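Down below is the structure, laid out as structure tokens.
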Amino acid sequence: LSLHAFQKENVEIAVYEVGIGGKQDSTNIFPSPLVCGITSLGMDHMEILGDTADLIAAEKAGIIKKDVPCFSSPQRFYPSTRNVLVAEGKKVGAPVIFVDKDVLNARRWPVLSMGGDHFVENSRLALALARTAVGIPVPFPLVRKEWDTLEKTRIEGRSEMIRVVDPLERDPRRKRSASVLMRAIEERLAADGHTKESSKKVVLFDTNDLAFYLDGAHNPESMQVMAEWFFSVAPRGLIPLASRPSSGGSSDGSSLPPTPPPSPRTLSGESKVLPSHLVVTPSATNPSLAAVTRIRTTILFYCTRNPREILRYFMPYHHLIDKIVFCLIPCPKQTAEGTQREAAEIDRLAIPEWLEAWRNLYRDVPCYAASDSFNSINDALEVVRTTPFRERPEVAPSPYGIPKGTTLEAGDDGAAVHIEDRVLVTGSVLFVGDTLKMLHDVGLYPDPTK
264 LSLHAFQKEN VEIAVYEVGI GGKQDSTNIF PSPLVCGITS LGMDHMEILG
314 DTADLIAAEK AGIIKKDVPC FSSPQRFYPS TRNVLVAEGK KVGAPVIFVD
364 KDVLNARRWP VLSMGGDHFV ENSRLALALA RTAVGIPVPF PLVRKEWDTL
414 EKTRIEGRSE MIRVVDPLER DPRRKRSASV LMRAIEERLA ADGHTKESSK
464 KVVLFDTNDL AFYLDGAHNP ESMQVMAEWF FSVAPRGLIP LASRPSSGGS
514 SDGSSLPPTP PPSPRTLSGE SKVLPSHLVV TPSATNPSLA AVTRIRTTIL
564 FYCTRNPREI LRYFMPYHHL IDKIVFCLIP CPKQTAEGTQ REAAEIDRLA
614 IPEWLEAWRN LYRDVPCYAA SDSFNSINDA LEVVRTTPFR ERPEVAPSPY
664 GIPKGTTLEA GDDGAAVHIE DRVLVTGSVL FVGDTLKMLH DVGLYPDPTK
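Per our numbering, the very first residue in the sequence shown carries number 264; after that it's consecutive.
As structure tokens, then:
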């Protein structure tokens, strides 16, 4: 069907993504494609592809064809698979080129719209494939059009941030309030043909700044890179993602390391250590002023994998997590033998196992289970608002470790602490897609189908 559609549309170059594996996949029917590509391998679909990385690599290598160049990601998670891919290339008579940093002649790399070092790696592979398909030598320096395309390309629900409440919307000094956001939402919904009566509204709570972070990571390798991305940019709000994406390259072409946390600071010169969930920001205009930001990190999580394999990747960052909520989705992926209703029941029965696994790993981080799938973004926000956050100790001798006598900038309610809520939605592409649709329903996200 796809071949018929592409032929009718006079498509010059079609990109086919393998479903599962490669050797036995239905897409592997082309005897001599322009080029082949193999992305970073992971322990996925092991019941079909094999229970070791090398066995999975052998299945993936089934797409390599005689005299057709094959490019591969560096395979940093499983280096031994490089030998498997090279051996298969030699067997069929095809070159296998790993897109290591020295393959592309680029000392600098564009700052991508999607966060994480893994997207830098994927973009290098994509460029090598695209250039080969159209006959451009891979080592040539980047031209402006390629640079711009790499900067602007984005994929919905992949290392994505969507701000629900901007701090400027709640800043009384600018005479703005949440009503500004509500009016903007109503205007956007009206433009899409919704009436005011039918428009859904966002229910806000005691937060000065609220943002959703979304990533469809669902296997061990993708969970690791997702956690590296999120906890390098989200918990402290150091990088305004709406204006400056977090991923990108340095002057030598290497990917940027995770953003380090700010050094604990006091204004009197005293040496005090602040809790990891608090950030002190001295005023740029008045050295006697400072603002304290309280970071609250909530994870909304849905996944169908082995919880012990997946949850361990939060270990380096568990001190930054305030709670996790294990969720359900309305339309889970069903197996070949079962119905969707049976799949939903399996998900529900698996929740206690996820709760137990989390408590065994992170006893000090609260975990909860959503009673049902979310029907609107307000359902998700209600869970975030009503489930207790992790208790955080204050630091003596003064609240939040700020020296006595320091003047603090007041928030819109007169409080000295600015609250930032970061909500990470992850574990499943389906779960992320449902969340994006709910955000679209209230005008906070463009229509994902357009």
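Glycine included, C-beta positions come from ideal geometry on N, C-alpha and C.
Since the structure is predicted, the reported quantities are computational estimates derived from the model, not experimental observations.
The shortest C-alpha to C-alpha distance from Pro400 to any of Leu367, Val488 and Tyr576 is the one to Leu367. Taken through DSSP and simplified to helix, strand or coil, Ser335 comes out as strand.
Cβ-Cβ distances below 7 Å link Tyr341 to Leu304 and Ala316 in the same chain, with the five nearest sequence neighbours on each side left out; the list follows chain order. For Ala393, the enclosing alpha helix (DSSP H) begins and ends at Asp380 to Val397.
Comparing alpha carbon positions, the residue from Ser485, Asp365, Val349 and Tyr476 closest to His381 is Ser485. Thr689 is classed as buried because its beta carbon has at least 16 other beta carbons within 10 Å across all chains shown. If you draw a 10 Å sphere on the C-beta of Cys594, you find fewer than 16 other C-beta atoms in it, and that means exposed. Apart from the 5 residues on each side of it in sequence, Gly282 sits with its Cβ closer than 8 Å to the Cβ of Asp288, Ser289 and Thr290 in its chain, given in chain order.
Assigned with DSSP and collapsed to three states, Ile311 falls in helix. If you ignore the 5 residues before and after Pro337, its C-beta comes within less than 6 Å of the C-beta of Phe361 and Asp363, all in its own chain and listed in chain order.
With contacts defined by Cβ atoms closer than 8 Å, Phe334 and Val298 form a contacting pair. Assignment of beta-bridge partners to Glu423 by DSSP yields Leu477. According to DSSP, residue pairing for Ile558 in a beta bridge involves Glu683.
The continuous stretches of alpha helix (DSSP H) do not include Val588, which lies in the beta strand (DSSP E) extending over residues Lys586 to Phe589. At a Cβ-Cβ threshold of 8 Å, Lys286 and Gly325 count as neighbours.
Counting along the chain, the unbroken beta strand (DSSP E) around Gly300 starts and ends at Cys299 to Ile301. C-alpha of Arg345 to C-alpha of Ser639: approximately 45 Å in a straight line. In this structure Phe564 is buried. Its beta-carbon is surrounded by 16 or more other beta-carbon atoms within 10 angstroms. For Leu348, the CB contacts under 7 Å within the same chain, skipping 5 residues up- and downstream, are Ile301, Ala320, Ala324, Ser335 and Val359 in chain order. Remark: C-beta atoms of Ala633 and Leu574 do not approach each other more closely than 8 Å. Burial check for Leu266: the Cβ neighbour count within 10 Å stays below 16, so the residue is exposed. Each of Lys353, Gly696 and Thr395 was checked against the Cα of Ile418, and the nearest Cα belongs to Gly696.
The C-alpha of Val705 lies about 21 Å from the C-alpha of Ile562.
Measuring C-alpha to C-alpha distances from Met578 to each of Lys596, Arg604 and Val628 identifies Val628 as the nearest.
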